[in-house]
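Colleague: Provided herewith is a single structure, encoded as C-alpha cells, for subsequent inquiry.
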Amino acid sequence: GSAAQVVHSAGRRFIVSPVPEARLKDQ
Amino acid sequence: AEDTGVRVELAEEDDGKKSSIALKLWVEDPKKLKTKYKDNGAIEFTFDLENEVPEDVAQEMIESGFFHESDIKIVGKSIKDRVALIKWKRERTVLLQV
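First to last, the sequence lines map onto chains X and W. All residue numbers for the first sequence refer to our numbering, where the first residue is 1 and numbers rise by one. All residue numbers for the second sequence refer to our numbering, where the first residue is 1 and numbers rise by one.
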C-alpha cells in the first residue's frame, strides 16, 4: 500500500492523505 | 491559474507572515498527466516561500516516487501558480494595511 508519509533525502516530508472532496459543495 | 489537472491548495491558514506554508497537491484530472498516475491521494508538504523554488519540490516528489519524470513540468507549474497566488495575496494585504 502507499506509504502514508515519505521523507525525501533532502529532508522534506510528504504526507499522503485522502483527496479532499470538492469543497465547493459545502460552502 | 490555468487548469493543469493538478490541484495545489493551502493546507493551513496563511497569516501572511510565516515564511513556510503547508500546501496540499493532488491530481484532479489524471488524463492531463503524461504517464499513468497511481492515485495515492493528496500530498501535503511544507514550502518555504522565501527560499525555495517550486520546481525543486516537483523534482523531490518525482524522486520520492509520486510522479514520473515526464510530468515534472505540470507538477512544477501547478505549485508555482499556487505560490504566486499566495505571494500576490500577501502583497495585496500589505497594501491594504498601509
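Here a beta-carbon is modelled for each residue, glycine too, at the ideal position from N, C-alpha and C.
1) With 16 other CB atoms within 10 Å as the buried threshold, where does S20/W fall?
2) With burial defined as no fewer than 16 other Cβ atoms inside 10 Å of the residue's Cβ, what is the status of G76/W: buried or exposed?
3) Going by DSSP, name the residue or residues bridged to D48/W.
4) Say whether chain W places a C-beta atom closer than 8 angstroms to the C-beta of Q27/X.
5) Distance check for V83/W and V6/X, CA to CA, integer angstroms please.
6) With which residues is F14/X paired in a DSSP beta bridge?
7) Measuring straight from C-alpha to C-alpha, what distance separates D29/W and R92/W?
Modeller: Taking the structure as given:
1) Under this definition S20/W is an exposed residue.
2) Buried.
3) Residue pairing by DSSP puts D48/W in a beta bridge opposite S20/W.
4) Because the pLDDT at Q27/X is just 42, under 50, the model does not fix this residue reliably, and the point stays unresolved.
5) Going from the Cα of V6/X to the Cα of V83/W covers about 22 angstroms.
6) Answer is V6/X, bridged to F14/X.
7) In this structure, the alpha-carbon of D29/W lies about 31 angstroms from that of R92/W.
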